[in-house]
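Position 112 (the sequence shown) corresponds to 244 in the working numbering; numbering is contiguous.
Just so it is clear, CB atoms sit at the ideal spot from N, CA and C, and this is done for glycine as well.
Bear in mind the structure is a predicted one, so any value in this text is a computation, not a measurement.
Below: the structure, in structure tokens.
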Amino acid sequence: MSDSNLNLWGWDKKKRTMIRFMKPGDIFCFRLNEEKYCFGRIIAKTLVGHIAEVFDYMAEEPIITESQVVLSSRLIAPVVLDSYSLFDKKTEGEWRIIGHQQDYIPTDVENVYFVYGMGIWSKRIDVYGNDTPISVEERSNYPLLAPKGDSYVTKLVLDKIK
């Protein structure tokens, strides 16, 4: 294995990945539209899905190289994926795990938070699962800890690349 400990097996090896086998460092690919595929990586498991980053690299084929993974940046802010619907049950979109980065340690996640709870019971949670009580006013500073599906992520990406 190389320095990045990256193992890519491609689009056709695994059409489905059961949620219990998904883990941080998994590299995924999804069909953005008829012309493009997007790529990303699972950052962490959370209460309601998996927190993921979507790379700024896109291609006409569902193929990414190790160097493209290493050189890619985040296109959008990390998002909580509905990993059960996208990867396990495959009820929307076309998403597949196409590789894994062994010993993956997330970077640039110090200020990534989501919010859950209601009113005075609101909490802010980081990618490691650490939560902190926050005020009702602070809630609007963070995205909800809610799983997002294909149409939501696709819209975020399309809005960003326009």
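Among the options, which residue has its Cα nearest to the Cα of residue i?
{"i": "A184", "options": "T239, M154, I175", "result": "I175"}
{"i": "Y284", "options": "V241, F171, V211, M154", "result": "V211"}
{"i": "E224", "options": "K294, K280, H182", "result": "K280"}
{"i": "D220", "options": "E166, Y274, E167, G181", "result": "G181"}
Do residue j and residue i count as a contact pair if the criterion is CB distance below 7 Å?
{"i": "I151", "j": "I230", "result": "no"}
{"i": "K292", "j": "I195", "result": "no"}
Looking only at its chain, what residues have a beta carbon closer than 8 Å to the beta carbon of residue i, apart from the 5 residues adjacent to it on each side?
{"i": "Q234", "result": "M133, N137, L138, N139, G157"}
{"i": "V268", "result": "G251, I252, S254"}
{"i": "V289", "result": "L164, C170, V186, L207, I208"}
May I have the straight-line CA-CA distance separating residue i from residue j, to the nearest angstrom?
{"i": "K147", "j": "W253", "result": "40 Å"}
{"i": "I237", "j": "R228", "result": "21 Å"}
{"i": "T197", "j": "G251", "result": "46 Å"}
{"i": "F162", "j": "V241", "result": "23 Å"}
{"i": "S272", "j": "K287", "result": "21 Å"}
Measure the beta-carbon distance from residue i to residue j and round it to whole angstroms, keeping in mind my assumption that it falls under 8 Å.
{"i": "S204", "j": "D214", "result": "With 8 Å as the limit, S204 and D214 do not qualify as a contact, their Cβ atoms being about 23 Å apart."}
{"i": "M154", "j": "Y169", "result": "In fact, because the Cβ distance is near 19 Å, the residues do not count as touching under 8 Å."}
{"i": "L277", "j": "V247", "result": "6 Å"}
{"i": "L218", "j": "D144", "result": "Contact doesn't hold; Cβ gap of about 18 Å is too wide."}
{"i": "G261", "j": "T149", "result": "The pair is not a contact, with the Cβ atoms about 22 Å apart (cut-off 8 Å)."}
Excluding sequence positions up to five away, which residues of its chain have a Cβ less than 7 Å from the Cβ of residue i?
{"i": "D263", "result": "K255, R256, I257"}
Shorter than 7 Å from the beta carbon of residue i to some beta carbon of chain D?
{"i": "D144", "result": "Going by chain labels, chain D is absent from the structure shown, which holds only one protein chain."}
Less than 6 Å between C-beta atoms, sequence neighbours within five positions excluded: which residues of the same chain meet that for residue i?
{"i": "G249", "result": "K255"}
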